[in-house]
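*Asks:* To convert, take the position in the sequence shown, counting from 1, and add 1; that gives the numbering used here. Glycine residues also receive a C-beta, built at the ideal position from the N, C-alpha and C atoms. Predicted model only: the values in this text are computed from it and were never measured. Quick one: this structure, given as structure tokens, is what I'll be asking you about.
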Amino acid sequence: MSSDRRTIFTLAVLAAVLLVGSGLTVWLLGGPPINSPQQAAAKTTERLAAMNAGLEAAAQYVNTEHDEEAATILEKLAEEFADEPLVWEQLAEVRLHQGRDAEAYEMFQKVIDLGRDNRDVRFNAGIVAARLNRTDEAIIHLQQACRLAPRDIQAPLYLANLYRKTHENTKAQAQLLHVIDIDPTIHEAWGGLAQIAYIENNLDLAEQHLAKARQLAPQFATWQVLQAKILRRRGKPEAAITLLSALPPASRYQQEVVDEVAQCWGMMLMPLKAAQEHVDYLNRQPDALASAIAAARYFLQAGERDQANSWLVYAQKIDAQAPQVLALAKQLSGDPLDQGDDEPETGSDDPSSGG
Numbered sequence: 002m003s004s005d006r007r008t009i010f011t012l013a014v015l016a017a018v019l020l021v022g023s024g025l026t027v028w029l030l031g032g033p034p035i036n037s038p039q040q041a042a043a044k045t046t047e048r049l050a051a052m053n054a055g056l057e058a059a060a061q062y063v064n065t066e067h068d069e070e071a072a073t074i075l076e077k078l079a080e081e082f083a084d085e086p087l088v089w090e091q092l093a094e095v096r097l098h099q100g101r102d103a104e105a106y107e108m109f110q111k112v113i114d115l116g117r118d119n120r121d122v123r124f125n126a127g128i129v130a131a132r133l134n135r136t137d138e139a140i141i142h143l144q145q146a147c148r149l150a151p152r153d154i155q156a157p158l159y160l161a162n163l164y165r166k167t168h169e170n171t172k173a174q175a176q177l178l179h180v181i182d183i184d185p186t187i188h189e190a191w192g193g194l195a196q197i198a199y200i201e202n203n204l205d206l207a208e209q210h211l212a213k214a215r216q217l218a219p220q221f222a223t224w225q226v227l228q229a230k231i232l233r234r235r236g237k238p239e240a241a242i243t244l245l246s247a248l249p250p251a252s253r254y255q256q257e258v259v260d261e262v263a264q265c266w267g268m269m270l271m272p273l274k275a276a277q278e279h280v281d282y283l284n285r286q287p288d289a290l291a292s293a294i295a296a297a298r299y300f301l302q303a304g305e306r307d308q309a310n311s312w313l314v315y316a317q318k319i320d321a322q323a324p325q326v327l328a329l330a331k332q333l334s335g336d337p338l339d340q341g342d343d344e345p346e347t348g349s350d351d352p353s354s355g356g
């Protein structure tokens, strides 16, 4: 559909909504006398038909990635049908597509307040709340999603991740075990249990769970990285590098893999190799701020201050106001290198953000 035809179609839908909303449709059709019960019933039918037509038109626009047109229709529907949760739900989903998370969350809340409380609404509300760092609210929504759909897998997996972030590992384990009870082939559940065991430094149990995750998803980079972390913690950085170097290029050159390989080189007191790992990654991903910072720090550890300064400048071009960039600039301005910072990794050793 061309832009002009989309505009005409959108206007036509809006006109129909306005016409029905004003009550003129029944009159134009030669309906029953005003204020009669028959008129009220006819008006209700026409209003619902207009609402459904508008929702269908908006859905077609969403399916063809024309969110602005969909939003235009849904905004007008929300004015005319303010008490209809389906309208607010569909508008909330469009706001999600548009990256307007705060508005989407308010709309999902309205959907719930209007009495539409199902798994999908609660799940979406939980995801958006988590994005907005409203973790407690996200947990409440996801808990309700789990109650409303006891055999669902996505909600408990996401809830487990939030529990890990709030350091409630026992609750996270319960959610993951619930998923495994539903379907033991879900590699994310086994991997999540492995991550918790790793965080708690129970490496034997971590490897048991991880073996199942890797068997189910042998090319999933996060589980290979976790195995490498376990090897490094056991004092086997060379084995960890060998493991990760065997990954196919699409997996090998991911940030989490590069971070771990560099940390292994750092553990072996080879900061130049660690720095080069990040430089190679930057050749593939020029906007990787974390790698630019890490490269500068590893070069500084190796005594290559000029190289470190060059990568600081590179990092500043990406985001001069990033806290890590400001800290690195201060360090390179003359402050002595912190001798305790022998692993300038870009990410935490806690792999709980993966999977």
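To which residues of the same chain is Thr-167 closer than 7 Å at the C-beta, ignoring the five residues directly before and after it?
*Replies:* Thr-136
*Asks:* Note down the Cα distance separating Glu-138 from Ala-289, rounded to an integer number of angstroms.
*Replies:* 32 Å
*Asks:* When DSSP labels each residue in this structure, what does Gly-100 get in the three-state scheme?
*Replies:* coil
*Asks:* Could you tell me the alpha carbon to alpha carbon distance between Val-280 and Gln-196, rounded to whole angstroms?
*Replies:* 28 Å
*Asks:* How many angstroms separate the CA atom of Asn-170 from the CA atom of Glu-257?
*Replies:* 22 Å
*Asks:* Exposed or buried, Asp-205, counting other C-beta atoms within 10 Å across all chains shown (16 or more means buried)?
*Replies:* Per the 10 Å Cβ criterion, exposed.
*Asks:* From what residue to what residue does the alpha helix (DSSP H) around Leu-163 run?
*Replies:* 155–166
*Asks:* If you run the structure through DSSP and keep just helix, strand and coil, what is Ser-334?
*Replies:* coil
*Asks:* Drop a sphere of 10 angstroms on the beta-carbon of Leu-92, count the other beta-carbons inside from all chains shown, and report buried for 16 or more, exposed for fewer.
*Replies:* By the beta-carbon neighbour count (other beta carbons within 10 angstroms, threshold 16), Leu-92 is buried.
*Asks:* The ligand PLP and Met-271: does any heavy atom of the ligand fall closer than 8 Å to the residue's C-beta?
*Replies:* Looking for the ligand PLP in the displayed structure turns up nothing, as the structure carries no ligands at all.
*Asks:* When you compare only the Cα positions, how much space is there between Pro-157 and Gln-176?
*Replies:* 5 Å
*Asks:* Please report the residue range of the alpha helix (DSSP H) in which Lys-77 lies.
*Replies:* 68–81
*Asks:* Give me the Cα-Cα distance between Leu-97 and Glu-76, rounded to the nearest whole angstrom.
*Replies:* 14 Å
*Asks:* Which value, in whole angstroms, describes the spacing of the CA atoms of Ala-59 and Asn-125?
*Replies:* Rounded to whole angstroms, Ala-59 to Asn-125 spans 19 Å at the Cα level.
*Asks:* Going by C-alpha distance, which of Gly-193, Ile-200, Pro-287 is nearest Leu-211?
*Replies:* Gly-193
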